[in-house]
Amino acid sequence: MAMDQARYLGGSPERTDAPAKTGGALRYTDDRVRPGTLHAALLYSPYAHARIAAVDLSRAAAAPGVRGAFSGADWPDTLIGLYMGDKPPLARATVRYYGEPVAAVVADSEAEALAAIRLVEASFEALPPLGSPRESLAPGAAVLHPELGSYRRIPAILPELGTNVANRTRIRKGEPETAFARAPVVVSGSFSFPPGDHAAMEPRVAIAEYGLDGRLTVTSSTQSPFGVRTLLAKGLGLPERRIRVVAPPVGGGFGGKAGIQLEPLACLLAMRFPGRPVRLANTREADMVSSPGRPGLESTVRIAAERDGAILAMDIELLFDSGAYADYAVNVSRAAAVACTGPYRVPNVKADALCVYTNHPFATAFRGFGHIELSYATERALDLLADELGMDPAALRERNAARPGDTTPTGALLDPNTGDLPACIALVKERLGWDEGRRRVMPDGKVRAKGLACFWKAPAIPTFTDAGATLAFAEDGSAVLTTGVVEIGQGCFDGLRLIVAEALRMDPAMVRVEPEADTDRSPHDWTTAASRSLFMAGRAALGAVEDAVAQLKRVASAPLRCPEEDLEVGDGRIYLRDDPAHGLPISAVALGYVYENGNAIGGPVIGRGRYIARGLSGMDPASGEGRPGLEWTMGAEGVELELDPRDGGYRVLRSACAMDVGKVIHPSLARGQLVGAMAMGIGYATREAFSFDSRRGVQNASLRDYKLLRYGEDPEYFVDFVQTPQGDGPYGARGLGEQGIIGMPGAIAQAASLAAGVQLCELPITPEYLWTSMRKERP
Amino acid sequence: MIPGDIVYLKPESAEEAVAAWTLAAEAASGAASAAGEPSAAGAAGPRYLAGGTEILTTARRSAAYAVGALVDVKGVPEARASGGLPASLAGAAWLGGAEAAGDATASGAATAAGEPGAADGFYFGAALPLAELEDGRLFPLLSDAARGVADRTTRNRLSLGGNVAGQLPYREAVLPLLAAGALGYSALPADASAAAGSEARLVRWDLRARFDKRLALLPGELLLGFSVPKAAAEARAAYVRRTRTGPIDYSLITLCALRTRGGAAWALGGAFPYPARSDEADRALSEALAASGEARTRALGRAAAALGEPRSDPRASGEYRAALIALALETAAEELS
Chain A
1 MAMDQARYLG GSPERTDAPA KTGGALRYTD DRVRPGTLHA ALLYSPYAHA
51 RIAAVDLSRA AAAPGVRGAF SGADWPDTLI GLYMGDKPPL ARATVRYYGE
101 PVAAVVADSE AEALAAIRLV EASFEALPPL GSPRESLAPG AAVLHPELGS
151 YRRIPAILPE LGTNVANRTR IRKGEPETAF ARAPVVVSGS FSFPPGDHAA
201 MEPRVAIAEY GLDGRLTVTS STQSPFGVRT LLAKGLGLPE RRIRVVAPPV
251 GGGFGGKAGI QLEPLACLLA MRFPGRPVRL ANTREADMVS SPGRPGLEST
301 VRIAAERDGA ILAMDIELLF DSGAYADYAV NVSRAAAVAC TGPYRVPNVK
351 ADALCVYTNH PFATAFRGFG HIELSYATER ALDLLADELG MDPAALRERN
401 AARPGDTTPT GALLDPNTGD LPACIALVKE RLGWDEGRRR VMPDGKVRAK
451 GLACFWKAPA IPTFTDAGAT LAFAEDGSAV LTTGVVEIGQ GCFDGLRLIV
501 AEALRMDPAM VRVEPEADTD RSPHDWTTAA SRSLFMAGRA ALGAVEDAVA
551 QLKRVASAPL RCPEEDLEVG DGRIYLRDDP AHGLPISAVA LGYVYENGNA
601 IGGPVIGRGR YIARGLSGMD PASGEGRPGL EWTMGAEGVE LELDPRDGGY
651 RVLRSACAMD VGKVIHPSLA RGQLVGAMAM GIGYATREAF SFDSRRGVQN
701 ASLRDYKLLR YGEDPEYFVD FVQTPQGDGP YGARGLGEQG IIGMPGAIAQ
751 AASLAAGVQL CELPITPEYL WTSMRKERP
Chain B
780 MIPGDIVYLK PESAEEAVAA WTLAAEAASG AASAAGEPSA AGAAGPRYLA
830 GGTEILTTAR RSAAYAVGAL VDVKGVPEAR ASGGLPASLA GAAWLGGAEA
880 AGDATASGAA TAAGEPGAAD GFYFGAALPL AELEDGRLFP LLSDAARGVA
930 DRTTRNRLSL GGNVAGQLPY REAVLPLLAA GALGYSALPA DASAAAGSEA
980 RLVRWDLRAR FDKRLALLPG ELLLGFSVPK AAAEARAAYV RRTRTGPIDY
1030 SLITLCALRT RGGAAWALGG AFPYPARSDE ADRALSEALA ASGEARTRAL
1080 GRAAAALGEP RSDPRASGEY RAALIALALE TAAEELS
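Protein chains in written order, with my numbering: chain A, 1 to 779; chain B, 780 to 1116.
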């Protein structure tokens, strides 16, 4: 089926969940609390690093309504983690970050639990905290995880015992030393920013029940019901068949709910009260600090180049401030290494990406998964190179843009599915009026400047990442698709709906996608993350449609008395391709066909589809060589901002993104993802970051002080799609959910640096930071 | 959720409100002594409730901020009035007697007509939401100051009185009132010597005289509202606000200034842990307006210096605030000229 004959793809029907979401009627996890639910409350550490001297639970345990009070001592051997089990559910012996849970009470009501938690008496002996990766790596630094060697972990994670390195990923491609030695131009710079938070609209919540049948059921605001099931099995020592995870729609995840967060502790508490659900819910403040956020970064980048701008080599050091526990961050740093150069042709690469323990709140997956970090570092370094060469930064990127036939840092070949980066750069330049000039002083003294950055990302997924789908029919001939994908705001379902409608040639109004995932009922799906849900669940859905169509034809061929291969399915019917009037409605076949005399044949049609990542391999521990990336989505983005040089105040006026997405399935959903990503990137670059006091306590752990970009402050957005087909994607589509955020900090830093006349190396870019930098630069 | 046993009271007059407060305070101190605990001020005692944003957010965060009884003042007519002075307040006595009245005249709180408390000004009830002050333009500088605080949804709840008498350091709504030399009105629990049957005294006072870093209200004192002389409300004004990031954020500096007969009056928020003003600072700004070029710049420098060095905190350094103040004073001088 040729692209231009698409009937439903490329349409933008209204989201099916729009009325419920905007009308406040949708039931999220915390809207499903049954009568009889017990409520848990937690005590959080006020110290970033301390020995726990004592935890006295006696007064709390005796408080009205309290069923139990617990500390780390209640689970002395349990360790939870994704790739490495390093985190106790409640702190034992030491606390390693401000906000770490230290004690829990479970009571009949939320009010009683909150009143009782205040009666827990915990005393600490403060220890000096480690406040940055370099501090943690300095000789003689305290080792935050002395038991690092004994932690259960997957083989791909390589911690360095006796240090604070949770994982080191090495890339050694070509001959970087030689390239640097002979290069005519070498630039180098250091770039950094502190950790921050996802700030999703819905704070995390988990409701766990240990049934009297010995099965554990967890309803959670999770992006990964099957992931949670597996990790609970490992962490709690229960087989998967005794664990059920239910995933209602989620009010924003952004990666923060892609791993395992409140579920283990909720389950451990529930197991103390068989037959009673136990609810564990975050306040906003706890959601920001106690549950994981995103990592910080310290980095150094060197680039070697020819005088005409051709890049010869890159030497990259990325130190991820992963905070107190490894969680997802050990894979985030690995993913950053895989993509470390950015979407450019770099024949020689030396890179080390380290995931480093500090006493900061710990980090998990965040939209971009390490790519914002690597991109910020390399895009800033490229700007130093452009400066050095006197070259337009966009021209430098065009010159070096990766193309099919080039290799990634891990030596994987970019195949014909690779997107068209130069086309994306050209579109962004056009939107910003790049060639009209990049810097202009306005009559009122303000300075307008433009910045542009490029990005790429392949999903950082296990080599065996999978998706399943089933398709069934109702009496009215409508189809329902079931997958393991979670609705986290991205509207994947409406994309899947169009894919199924297109494949069945059925009106989308007759296609429904099951909105909730439940490990007892949904086909297996790795996780709703990594911008792969539409790709993989889409492929699985196509498989399910194909299977269902074959079954429909098989059953229909009997009453229609024809060979199956002469039949076509479309417009709600099964009919002879060469004589369309001769056929049957799907509703007469999908649940079995009944002859006039009552004989029935067939039975419910159940289409089954599945997909598993193709051709992925692990990485060589010494050189990083391998093919971990499934498909690369590339693009460019840029901004124009206006700076007031008197006080450093500025506004982003325009923000443009052009991305090669293969095929746009649902344009308004796709646009929504890119605009949302740009907005989130502006927040990331300009204000969203934790600030710490001298003892590494978080000072802005509430939305009063941790500011997000608001409507009214946002720029004019421009979105363009390039459609170089992804051969193995559904209808040629490739993933696009995350990528729009990745280049924003680099683009904003480039524009702000140009406006201010000084290269900026830190985030967030606040007016005071600009003002101070400009003053330092003035002679 | 805020755990605790909270009593909610909704009086319909200032007298009822003060009486309710007094009763609740007595009950709380009785309970406290029965429990053998010292009855610290505010310990599970009553609080006046208008918008409730500060009570809610502080009680959520800190177990030490106890809430025993909430006396909702949104039904008190004087607290919701705006425009003309409510008739009941026309006869309000001067807090502190004739002395205070004299002071009020001296500090310039007198109206253009020269009579302290003359009813030719505009009155703003303490329970009015900032959103209403923002929309009504009786006193444009107050509308500007109100609009700068938080966001519109929150301003639908934030009250003038809560903002002026609250615990946060910003309290931006008080800045135009200080600049204008406003009068305040409140209800106090009755004296023992008061006529039988009267539950409260209505009093008026000079805001500047009672405001030294904060408005020190007496226990049980119910803030009813403020009046501003018409001349001040209609005078040329300047308003500058700067934040750390975008417009919806706490203030790094907020400057409110008004043209007066003698030159100018101004007040500064955000730069210190309290709103600040002084007669010396007003004099220096007045001198600046009368001067130009280098002399103006020097006078503006003196105006800033009169209030002291701004603070450094996680939001901004003192140095940056000082630079913002200098720029804001320049802007103010231009706008007032």
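The beta carbon of each residue, even a glycine, is placed where N, CA and C say it ideally should be.
Cβ closer than 9 Å: which chain B residues qualify as neighbours of residue i?
i      : result
A/T686 : T1024, G1025
A/N282 : What A/N282 touches in chain B: nothing, since even the nearest Cβ is about 13 Å away.
A/L760 : Chain B residues near A/L760: none, gap ~16 Å exceeds 9 Å.
A/E202 : Those do not exist, as A/E202 stays about 17 Å from chain B at its closest Cβ, beyond 9 Å.
A/S694 : Simply none; closest approach about 11 Å.
Apart from the five residues just before and just after residue i, which ones in its own chain have a Cβ nearer than 6 Å to its Cβ?
i      : result
A/R92  : G72
A/E121 : D56
B/A807 : A823, G824, G847
A/G583 : R573, I574, Y575
B/Y844 : T837, A838
B/G963 : W984, L986, F1005
A/G368 : E738, I741, I742
Quick one: residues in its chain with C-beta nearer than 7 Å to the C-beta of residue i, no 5 flanking neighbours on either side, listed in chain order?
i      : result
A/G189 : V301, R380, A381, L384, C761
A/P89  : W75, T78, I80, P264, L265, L268
B/I834 : R826, L828, V846
Would residue i and residue j qualify as a contact pair, given that the criterion is a beta-carbon distance under 8 Å?
i       : j       : result
A/R284  : A/P203  : yes
A/R342  : A/S375  : Residue identity check: residue 342 of chain A is Gly in the sequence provided, not Arg. It is a contact, given that the beta carbons lie within the stated cut-off.
B/A1082 : B/A1067 : yes
B/R934  : B/L909  : yes
B/S922  : B/R931  : no
A/G615  : A/G662  : no
A/I488  : A/Y684  : no
B/A952  : B/V982  : no
B/W1045 : B/A1102 : no
B/L1079 : B/E1114 : no
A/A469  : A/G603  : no
B/L1037 : B/A1014 : yes
A/E844  : A/A138  : Since the displayed chain A opens at 1 and closes at 779, residue 844 of chain A lies outside it and no answer follows.
Leaving out five residues before and five after residue i in sequence, what residues of the same chain have Cβ atoms less than 8 Å from its Cβ?
i      : result
A/R431 : G638, R654, A656, A658, F718, D720
A/V758 : S773, M774, K776, E777
A/P239 : A233
Check the Cβ of residue i against every Cβ in chain A and list those closer than 8 Å, keeping chain order.
i       : result
B/L1047 : What B/L1047 touches in chain A: nothing, since even the nearest Cβ is about 16 Å away.
Give the DSSP bridge partners of residue i, in chain order.
i      : result
A/V246 : A/T219, A/D518
A/H39  : A/A107, A/R279
A/M744 : A/M744 is not bridged to any residue.
A/R172 : A/K350
A/G296 : A/D321
B/L828 : B/D851
A/A656 : A/G638, A/F718
Using a cut-off of 9 Å between C-beta atoms, extract the partners of residue i located in chain A.
i       : result
B/R1021 : D647, G649, P767
B/Y1099 : D647, G648, P767, E768, W771, T772
Going along chain B in order, which residues have a C-beta closer than 8 Å to the C-beta of residue i?
i      : result
A/A115 : P782, G783
Run through chain B and tell me which residues come within less than 7 Å of residue i, C-beta to C-beta.
i      : result
A/A111 : M780, P782
In chain A, what lies closer than 7 Å to residue i by C-beta?
i       : result
B/L1103 : D647
> Contact between the segment 255-274 of chain A and the segment 59-78 of chain A: three or more CB pairs below 8 Å?
Replying inline: yes
>> Three or more C-beta pairs under 8 Å: does that hold for the segment 161-175 of chain A against the segment 349-361 of chain A?
In response: yes
> Would you call the segment 584-593 of chain A and the segment 531-538 of chain A touching, i.e. three or more CB-CB distances under 8 Å?
Replying inline: no
>> Does the contact criterion of 3 or more C-beta pairs under 8 Å hold for the segment 740-752 of chain A versus the segment 698-713 of chain A?
In response: no
> When the Cβ atoms of the segment 422-431 of chain A are set against those of the segment 643-653 of chain A, are three or more pairs found closer than 8 Å?
Replying inline: no
>> Assess contact between the segment 242-253 of chain A and the segment 213-229 of chain A, defined as three or more Cβ pairs (one per stretch) separated by less than 8 Å. Is contact present?
In response: The segment 242-253 of chain A vs the segment 213-229 of chain A: in contact.
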